[in-house]
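Student: Residue numbers (the numbering used here): 9 to 753.
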């Protein structure tokens with residue numbers, strides 16, 4: 009992936025003081041309309057703290073409003089869940105608020121994989137709880153084995169009596185019958201009181217959703233056929249079906265093997281199903297990564313809560329998201345800030361790497377590709393990229409593109425196009441494919457000139473369009489900004505002040521991979537005109553911009569380039585250890601002075617130090633170097649003034665002692681009860697240690713580093729039988745050093 013974050017070295021003019029303006033960076037809205045914007049809140053099942061955790065994974069959350077139905081419940085809300093892999097077991101957590109905190113019931117599992125005399129199976133999982141009004145009890149459905157969905161009943165939601173078998177493979181002609189959700193039948197005219205969505209697998213090994221119905225929640229009838237079949241984009245499977253009502257419309261919600269929670273409209277008879285829509289998926293930022301599966305939505309007042317499986321299929325955990333007024337995430341991406349400089353608003357100086365001023369006769373080498381290059385007719389001349397308005401849409405145009413970087417970024421371009429006929433347009437294009445793109449352009453529609461933001465995803469079109477704020481504008485400055493979660497468009501009519509325009513694109517929803525300029529006119533009879541782009545610039549980060557500004561040379565009275573300086577290193581001076589912490593010193597003993605000293609490490613600029621000229625007196629600069637791991641590094645310097653630059657000779661520094669010194673193990677074992685000691689007598693210190701017994705970690709801790717002082721660790725053992733091999737590892741930020749093995753016993 010091309011880097012987009014290094015500043016340009018050539019600066020031609022001094023720039024005014026830096027001003028940084030923050031961009032809002034709230035958690036993402038990961039659903040498409042019409043659904044609530046569920047904002048990730050966190051993980052409920054912290055695996056390191058769960059009391060019952062046989063397989064380090066938890067799935068299929070089911071939320072039950074205990075206080076509405078039960079006398080003296082443990083909490084207002086019950087959350088049922090389970091591991092999947094054997095032995096699994098149905099678990100209970102409880103809380104007084106859907107916002108948590110959730111407390112794990114101390115005697116999990118409440119339903120195990122062996123319940124004599126009813127069954128003895130490899131695992132039981134996928135709990136789903138409902139209040140059975142006729143019975144006056146909680147009915148909890150679960151599977152085990154995968155071929156059977158069972159149920160149990162309870163008056164308190166904690167202690168259950170076995171109920172029996174609900175549905176089996178034989179009833180639906182499937183090879184799996186599991187992951188069931190049960191709910192009151194929404195069809196008041198139905199003869200059945202309850203309905204069930206469950207996952208059925210067949211001989212083709214593609215999982216689908218089926219429907220079963222019951223008069224009492226105990227005896228079930230399976231409908232013929234399937235309710236939801238996997239389609240393109242589902243990666244072959246759908247599962248975890250649930251019923252959700254939002255703003256008067258019923259939906260069947262479920263997840264697919266692509267890791268997304270999906271939704272389809274459904275009628276009250278549970279028969280007519282609409283096309284699939286995205287309900288929710290992870291943002292990919294921070295902890296909010298991986299699958300969104302087994303969706304369970306609960307509404308309480310003005311807030312809606314989404315509980316779901318998060319993470320990898322075989323290492324899932326229970327996460328939650330929330331929608332409603334003022335909902336914010338627990339952190340999300342760090343707030344993004346971009347430099348705002350009134351004297352340099354579009355980075356004519358200090359643009360980041362990847363920018364192109366179009367000052368040659370062809371595109372520079374920062375462009376990663378041209379889609380349909382064989383038909384490209386763009387021209388670079390006189391400082392302008394001219395792109396003809398191709399007689400097509402996105403799928404027929406030639407498109408110069410750069411790959412999008414990971415994380416935050418910002419791109420700006422200046423475009424001129426004199427649109428006179430419908431569909432003529434030019435602007436910026438975000439691109440995943442010819443059927444998945446987002447565009448921001450100045451064009452022509454039936455009413456006249458228009459500024460538009462369009463999201464097109466596989467046949468679904470979303471458009472924000474209006475006349476330009478300056479109606480006669482032929483030239484606009486278009487900007488796209490990403491905080492790593494969403495892309496926001498903004499426009500300027502003077503190249504100085506920008507205003508947001510249109511709804512943002514969501515990274516998680518769109519999958520855009522490239523960006524670039526474009527022009528076309530559609531397959532129409534409109535005249536071919538050019539879209540002219542003056543430049544294409546990536547914005548520098550505040551740190552890059554500050555460094556760039558700092559490198560602008562001040563005026564001086566020198567008449568010659570600086571004299572030649574020398575470099576020295578203090579590596580090993582303090583303790584005799586070449587531990588990666590030292591100074592590089594520059595000395596110009598006599599000669600024409602410099603106004604700036606630049607230091608390069610392995611050809612990368614790492615420091616720019618301003619100097620006060622007083623020729624021909626000596627000049628001195630010091631650059632501290634910290635935390636280098638073991639290796640050999642080359643440093644070279646440059647002295648610069650208004651008349652030129654003079655390079656120093658390079659020096660090499662070899663770091664050999666960055667990792668901790670080697671610890672030595674000893675013991676005082678005579679009867680299996682002993683203390684194991686580790687000593688680092690002298691050398692580079694560690695800040696952490698861990699002890700391995702027969703290759704398995706049995707103890708770990710932290711250390712206070714005070715190089716080169718001795719460090720000591722003691723670990724007691726009681727009643728250890730047999731012969732065992734111990735190794736201790738001392739670690740710091742530069743690496744890990746292991747002791748020689750010590751055999752005890």
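Note that CB positions come from ideal geometry on N, CA and C, so glycine has one too.
Model, not experiment: these values are computed from the prediction.
Near residue 9, what residues of its chain come up, given a Cβ to Cβ distance below 6 Å and the 5 sequence neighbours on each side ignored?
Tutor: By 1-based counting over the chain shown, the position of residue 9 is 1. Because the pLDDT of residue 9 is 38, which lies under 50, any placement of that residue in the model is unreliable, and the number read from its coordinates should be weighed accordingly. Contacts found: 411.
Student: DSSP three-state label for residue 691, please.
Tutor: As a working note, residue 691 is residue 683 in the chain shown. Of the three classes helix, strand and coil, the one that applies to residue 691 here is coil, per DSSP.
Student: Straight-line CA distance for residue 601 to residue 636?
Tutor: Along the chain shown, one-based indexing puts residue 601 at 593. Along the chain shown, one-based indexing puts residue 636 at 628. Answer to the nearest angstrom: the Cα atoms are 31 Å apart.
Student: Go to residue 179, then tell me how far its alpha helix (DSSP H) extends in each direction, as first and last residue.
Tutor: For the purposes of this step, residue 179 is taken as the residue at position 171 of the chain shown. Per DSSP, residue 179 belongs to the alpha helix (DSSP H) from 177-180.
Student: If residue 291 and residue 497 are in contact, beta carbons under 8 Å, what's the gap, nearest whole angstrom?
Tutor: Counted from its first residue, the chain shown places residue 291 at position 283. Counted from its first residue, the chain shown places residue 497 at position 489. Contact flag wrong, Cβ pair sits at about 20 Å.
Student: Quick one: residues in its chain with C-beta nearer than 6 Å to the C-beta of residue 597, no 5 flanking neighbours on either side, listed in chain order?
Tutor: Within the chain shown, numbered from 1, the residue matching residue 597 stands at position 589. The answer, listed in chain order, is 626.
Student: Less than 6 Å between C-beta atoms, sequence neighbours within five positions excluded: which residues of the same chain meet that for residue 483?
Tutor: Position 475 of the chain shown holds residue 483. Cβ neighbours of residue 483 beyond the five flanking positions: 424.
Student: Under three-state DSSP, which class holds residue 557?
Tutor: Counted from its first residue, the chain shown places residue 557 at position 549. In the structure shown, residue 557 sits in a helix (DSSP, three-state: H, G or I).
Student: Using the Cα positions of residue 465 and residue 445, report the straight-line distance between them to the nearest angstrom.
Tutor: As a first step, residue 465 must be located in the chain shown, where it is residue number 457. As a first step, residue 445 must be located in the chain shown, where it is residue number 437. Roughly 7 Å between the two C-alpha positions.
Student: Contact between the segment 358-377 and the segment 63-83: three or more CB pairs below 8 Å?
Tutor: Verdict: no, contact absent.
Student: For the segment 695-734, list the beta strand (DSSP E) runs that are entirely contained and at least 3 residues long, ordered along the chain.
Tutor: Those beta strand (DSSP E) runs which fall completely within the segment 695-734 and span 3+ residues are 696-701, 704-710 and 719-725.
Student: State the beta-bridge partners of residue 411 as determined by DSSP.
Tutor: Stepping through the chain shown from its first residue, residue 411 is reached at position 403. DSSP output for residue 411 lists 522 as bridge partner(s).
Student: Which residue's Cα is closest to the Cα of residue 183: 296, 201 and 210?
Tutor: Position 175 of the chain shown, counted from the first residue, corresponds to residue 183. Closest option to residue 183, Cα to Cα, is 210.
Student: Can residue 216 and residue 175 be called in contact, C-beta distance under 8 Å?
Tutor: Within the chain shown, the letter at position 208 stands for residue 216. Within the chain shown, the letter at position 167 stands for residue 175. Not a contact, by the Cβ cut-off of 8 Å.
Student: Cα separation between residue 166 and residue 551?
Tutor: Numbered from 1 along the chain shown, position 158 holds the residue referred to as residue 166. Numbered from 1 along the chain shown, position 543 holds the residue referred to as residue 551. Answer to the nearest angstrom: the Cα atoms are 56 Å apart.
Student: Which same chain residues end up closer than 6 Å to residue 296 when comparing Cβ atoms and leaving out the 5 residues on each side of it in sequence?
Tutor: Here residue 296 refers to the residue found at position 288 of the chain shown. Cβ within range, chain order: 48 and 290.
Student: Grouping DSSP H, G and I as helix and E and B as strand, with all else coil, what is residue 516?
Tutor: Taking the chain shown and counting its residues from 1, one reaches residue 516 at position 508. Here residue 516 sits in helix by DSSP.
Student: Rounded to the nearest angstrom, how far is the Cβ of residue 136 from that of residue 96, given a contact under 8 Å?
Tutor: Here residue 136 refers to the residue found at position 128 when the chain shown is read from its first residue. Here residue 96 refers to the residue found at position 88 when the chain shown is read from its first residue. With 8 Å as the limit, residue 136 and residue 96 do not qualify as a contact, their Cβ atoms being about 15 Å apart.
Student: Assign residue 434 to buried or exposed, taking buried as 16 or more other Cβ atoms, counted over all protein chains shown, within 10 Å of its Cβ.
Tutor: Reading the chain shown from its first residue, position 426 is the one you call residue 434. So residue 434 ends up on the buried side.
Student: Figure out for me which residue from 678, 44, 654 and 579 has the closest Cα to the Cα of residue 603.
Tutor: Along the chain shown, read from residue 1 onward, the residue named residue 603 stands at position 595. Residue 654 is the option with its Cα nearest to residue 603.
Student: So, does the segment 698-714 touch the segment 736-743, judging by three or more C-beta pairs under 8 Å?
Tutor: The segment 698-714 is in contact with the segment 736-743.
Student: Quick check on this structure: which residue in 267, 692 and 675 has the alpha carbon closest to the alpha carbon of residue 722?
Tutor: Numbered from its first residue, the chain shown carries residue 722 at position 714. Selected option, being the one with the closest Cα: 675.
Student: For residue 40 and residue 726, what's the separation of their Cα atoms in angstroms?
Tutor: Along the chain shown, read from residue 1 onward, the residue named residue 40 stands at position 32. Along the chain shown, read from residue 1 onward, the residue named residue 726 stands at position 718. Confidence at residue 40 is low in this model, with a pLDDT of 43, below 50, so its placement is unreliable and the value that follows should be read with caution. So the two alpha carbons sit approximately 59 Å from each other.
Student: Let's see if you can read the secondary structure: which residues bound the beta strand (DSSP E) around residue 113?
Tutor: Here the question's residue 113 lines up with position 105 in the chain shown. Residue 113 -> no beta strand (DSSP E), and no H or E assigned at all.
Student: Check each candidate in 377, 205, 398 and 158 and name the one with the smallest Cα separation from residue 303.
Tutor: Your numbering for residue 303 matches position 295 in the chain shown. With distances taken between Cα atoms, residue 303 lies closest to 205.
Student: Cutting at 7 Å between CB atoms, please list the residues of its own chain near residue 276, excluding the five before and the five after it.
Tutor: The residue labelled residue 276 in the question sits at position 268 within the chain shown. Result list for residue 276: 194, 195 and 258, in chain order.
Student: Residue 439 by DSSP, collapsed to three states: which one?
Tutor: Locating residue 439 in the chain shown gives position 431, counting from the first residue. Residue 439: strand per DSSP, three-state reduction.
Student: Taking Cβ positions, are residue 460 and residue 443 nearer each other than 8 Å?
Tutor: Here residue 460 refers to the residue found at position 452 of the chain shown. Here residue 443 refers to the residue found at position 435 of the chain shown. No, they are not a contact pair.
Student: Contact between the segment 322-334 and the segment 510-527: three or more CB pairs below 8 Å?
Tutor: Taking 8 Å as the limit for Cβ pairs, the verdict is that the segment 510-527 does not touch the segment 322-334.
Student: What residue range does the alpha helix (DSSP H) around residue 75 cover?
Tutor: Walking along the chain shown from the start, residue 75 turns up at place 67. First-last of the alpha helix (DSSP H) with residue 75: 74-77.
Student: So residue 575 is in the beta strand (DSSP E); what residue range does that whole segment cover?
Tutor: The residue given as residue 575 occupies position 567 in the chain shown. That run of the beta strand (DSSP E) goes 574-577.
Student: Would you check if the segment 557-566 and the segment 574-588 touch, i.e. whether three or more CB-CB distances between them fall below 8 Å?
Tutor: Counting Cβ pairs under 8 Å, fewer than three are found: no touch.
Student: Helix, strand or coil for residue 532 per DSSP?
Tutor: Working through the chain shown from its first residue, we reach residue 532 at position 524. Here residue 532 sits in coil by DSSP.
Student: Going by the DSSP bridge assignment, what does residue 7 pair with across the sheet?
Tutor: This structure does not reach residue 7, given that the chain is present from 9 up to 753, and the question cannot be answered.
Student: Measuring straight from C-alpha to C-alpha, what distance separates residue 102 and residue 77?
Tutor: The residue labelled residue 102 in the question sits at position 94 within the chain shown. The residue labelled residue 77 in the question sits at position 69 within the chain shown. So the two alpha carbons sit approximately 15 Å from each other.
Student: Rounded to whole angstroms, what is the Cα-Cα separation between residue 429 and residue 492?
Tutor: Counted from its first residue, the chain shown places residue 429 at position 421. Counted from its first residue, the chain shown places residue 492 at position 484. Rounded to whole angstroms, residue 429 to residue 492 spans 37 Å at the Cα level.
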